[in-house]
Amino acid sequence: MLTTREGVSSVRSRPITGQDQQRFGDDPLAVRDTDHYKEEYVTGFVDKWDELIDWKRRYESEGRFFVEQLKDRGVRKVLDAATGTGFHSVRLVEEGFDTVSADGSPEMLAKAFANGLSYGGHILRVVHADWRWLNRDVHGTYDAIICLGNSFTHLFSERDRRKALAEFYAMLNHNGVLIIDQRNYDALLDGKYGNAHTYYYCGEDVSAEPEHVDEGLARFVYRFNDKSQYHLNMFPLRKDYTRRLLREVGFQRIDTYGDFQETYQGDEPDFYIHIAEKA
Ligand code: SAM
């Protein structure tokens, strides 16, 4: 069980407008660069997200999906490659997995480490590493690598995507598994939601709305209930394109789930989860 967190929320005297901190420059739609993710996850955004996206509610909505996928495959050692603020790392440690938590953003890792302590006194093993050079900074091999929370979308060139997947592949044991999720960008690109579709997280505390979508960029605005707003520039991965890259890098079997369901039919899912097996 998750224990509740106390004393972590930060008090601010005025609402934050994310634009000041995030530095997208005069032409935000031109920002299509893999390295920009470090500028986007600024402390204000990260703190606010963590304050409002209640971990317990997230825990309930995901249920045991990832944990069961890992346990069913006899996984013991897991690399959380996109630790962020530590939600999945803490979950994995609590379930008894031998877990290492990596991220390319030192701010995120600091927050994850603090969250590990707050949620049950766990000392997370954090490693600062960019996926493109993962093997240089993270040692050993793993039974599973997870890259969750729509993180892979931050890679803006195919070369970076192939490089990252090749690094993941190399760090997995011979029968290892990679779990990677992504937003359903096909629906957005194909106009099935229209650009006005708003995603609400935890009621109406946070909303995410696409501000601009083309084949090379999905720019979302995140609005919080104190009127502050932040942006993320992401690459709109088509589901079958991600599956193709996974296959081409060497994964033998790829199962894709929609919103944690084995069969997604009827309504379009908001997220896809790819489970890629090496053997
Ligand atoms: N998995 C977490 C979750 O679900 O809450 C965090 C997701 S957050 C949307 C994406 C994370 O990916 C950020 O912490 C960011 O720093 C990290 N990230 C993005 N690009 C990266 C890269 N090239 N190498 C390493 N980490 C990266």
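Here the sequence shown stands for residues 0 to 278, where the numbers follow numbering that gives the first Met the number 0. We treat Cβ as the ideally placed atom computed from N, Cα and C, and that holds for glycine.
Looking only at its chain, what residues have a beta carbon closer than 7 Å to the beta carbon of L244, apart from the 5 residues adjacent to it on each side? R160, R161, L164
Using the rule of at least 16 other Cβ atoms within 10 Å of the residue's Cβ for burial, across every protein chain shown, is G139 buried or exposed? exposed
My guess is that N172 and D142 are in contact by the Cβ rule of under 8 Å, so how many angstroms apart are they, rounded? 6 Å
Is DSSP giving P209 helix, strand or coil here? strand
So, do the segment 102-119 and the segment 172-186 have three or more beta carbon pairs nearer to each other than 8 Å? no
Taking three-plus beta-carbon pairs below 8 Å as touching, is the segment 89-100 in contact with the segment 70-78? Taking 8 Å as the limit for Cβ pairs, the verdict is that the segment 70-78 does touch the segment 89-100.
Have a look at D258, I52, R72, S60 and flag the residue whose alpha-carbon is nearest the alpha-carbon of I144. Nearest of D258, I52, R72, S60 to I144, Cα basis: R72.
One question on the structure: do A81 and S156 come within less than 7 Å of each other, judged by their Cβ atoms? No, the Cβ-Cβ distance between A81 and S156 is not below 7 Å.
If I measure Cβ to Cβ from S9 and keep anything under 7 Å in the same chain, skipping five residues before and after, which residues do I get? Model confidence at S9 stands at a pLDDT of 34, short of 50, so the residue's coordinates are unreliable; what they give is reported in the following sentence. Contacts found: D46.
Residues bridged to R216 (per DSSP): The amino acid occupying residue 216 in the given sequence is Leu; Arg does not appear at that position. Answer is D213, bridged to L216.
Quick check on D102: buried or exposed, where buried means 16 or more other Cβ atoms within 10 Å of its Cβ? buried
Can you check DSSP and say which residues form a bridge with T241? Beta-bridge partners assigned by DSSP to T241: none are found.
Could you give the C-beta distance for A217 and Y271, rounded to a whole number, given that I count them as a contact under 8 Å? A217 to Y271, Cβ: 14 Å. No contact.
Could I get the ranges of all uninterrupted alpha helix (DSSP H) runs contained in the segment 88-161, with 4 residues as the minimum, in chain order? 105-117, 133-136
Does the beta carbon of Y200 fall short of 6 Å from some heavy atom of the ligand SAM? For Y200, the shortest C-beta to heavy atom distance toward the ligand SAM is 6 Å or greater.
Here's the rule: buried if 16 or more other CB atoms are within 10 angstroms of the residue's CB, otherwise exposed. What is E166? buried
Under DSSP, the alpha helix (DSSP H) around L187 begins and ends at which residues? 184-188
Residue of L236, R63, A275, H230 minimising C-alpha distance to W48: H230
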